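Just so we're aligned: the sequence shown equals residues 4 to 311 in this note's numbering.
Below is one structure, written out as structure tokens, with a few remarks after it.
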Amino acid sequence: MLSYIVRRLLLLIPVFFTVSIIIFGIIHLVPGDPIDNLVRIGSSPEQKAIITARYGLDKPLVEQYLLWLGKMAQGDLGDAIVMRRPVVDLLAQNIPFSLRLGGAALLFSTLLGIAAGTLAAINKDSKIDQSVMAGILVGSTLPSFWLGLLLMLLFSVQLGWLPVSGARTWQALILPVLTIGLGGTALVARVTRVAMLETMQKDFVLLLHAKGLPARRIQLRHVLRHALMPVVTILGLRIGWILGGAVTVEFVFARPGLGTLLIKALNQHDYPVMQGCLLMLAIAVMLGTLIGDLVQAAMDPRVRHAMT
């Protein structure tokens, strides 16, 4: 298992460099100039050139990328051009809000998704199965920002049960978690249902039935455990997807977090902050995939042997 972990960590190195190049390239292709937000109206081209040189934006892109990479190796992501603070400080201030929201949404979608998928698989082709599948279809097709606005209109504006925005109380977390979690619930439920139905056709399940074990015990104790393998993979990927999906949801609910910081930086064309936020989201996806693979390898030795 240790050698598998080392190999998976080594594979992340080229992926990280590739992602960093893509992020840096995309950021500098976005139209706009952060220096325009700093110079005053009527400033001369010479004054703008001085400020541009101060932030190193007059250098070739390759040199700028290498400088950014060198600072990153020392734990320095540069200073925000418009907000004028270290990017690391801005990320440290906002990431806890995104992790709290993402963690709660992941837990919600995992528990509800596995329960719904199991219920649908056990009651295959019944009205319960059809109802769950209909809910899955609706949940997987609703855009998160539209669902967020709908929940806000119903529970905050019409009923007045929950706060419409902010992050000061735990009640303010409910609607954003529902907005992000319902889409994930549909995906987890669908994967769980398919995996359980496939596992039910295995020979060992038929053998357990032949031994006279209760059907509910076989389904919940043996079938579900084997069916969780693909679910674990999906959940690993969902870590990054949830943080990425939180970008729009945080903005809709006016919550502090990585998404709100990224949108603010996009409006100001603040390159260092944009690069830092996108890098954190990419790292979240990579770590999520790594965690999913490691858990899957720990559950099934065949995964470890397949990589040797």
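Note that the Cβ used here is the ideal one computed from N, Cα and C, for glycine as well.
As the structure is a computational prediction, the values presented were derived from the model and not from experiment.
DSSP beta-bridge partners of residue i
i          : result
residue 48 : Bridge partners of residue 48: none, in fact.
residue 82 : 89
Alpha helix (DSSP H) segment containing residue i, residue limits
i           : result
residue 129 : Here residue 129 belongs to no alpha helix (DSSP H), and DSSP marks it neither H nor E.
residue 19  : 5-32
residue 74  : 64-76
residue 172 : Counting along the chain, residue 172 falls outside any alpha helix (DSSP H), and DSSP gives it neither H nor E.
residue 196 : 177-202
residue 163 : That residue, residue 163, is in no alpha helix (DSSP H); it is neither H nor E in DSSP.
residue 148 : 147-154
residue 207 : 206-213
residue 275 : 274-302
Neighbour-count burial assignment, residue i, 16 or more Cβ in a 10 Å radius
i           : result
residue 205 : exposed
residue 47  : exposed
residue 180 : buried
residue 101 : buried
residue 173 : exposed
residue 4   : exposed
residue 253 : buried
residue 141 : exposed
residue 267 : buried
residue 65  : exposed
Contact check, residue i vs residue j, beta carbons under 7 Å
i           : j           : result
residue 151 : residue 182 : yes
residue 30  : residue 278 : yes
residue 134 : residue 184 : no
residue 165 : residue 178 : yes
residue 221 : residue 211 : yes
residue 256 : residue 168 : yes
residue 250 : residue 262 : yes
residue 202 : residue 235 : no
residue 194 : residue 237 : yes
residue 87  : residue 170 : no
Proximal residues to residue i (C-beta, below 8 Å), its chain only, five neighbours per side dropped
i           : result
residue 12  : 293
residue 264 : 93, 94, 97, 276, 280
Own chain partners of residue i with C-beta closer than 6 Å, once the 5 adjacent residues on each side are dropped
i           : result
residue 23  : none
residue 55  : 38, 61
residue 119 : 135, 192
residue 124 : 196, 199, 200
Residues of its chain near residue i, where Cβ-Cβ distance is below 7 Å and the 5 sequence neighbours each way are ignored
i          : result
residue 37 : 84, 85, 271, 272, 273, 274
residue 6  : none
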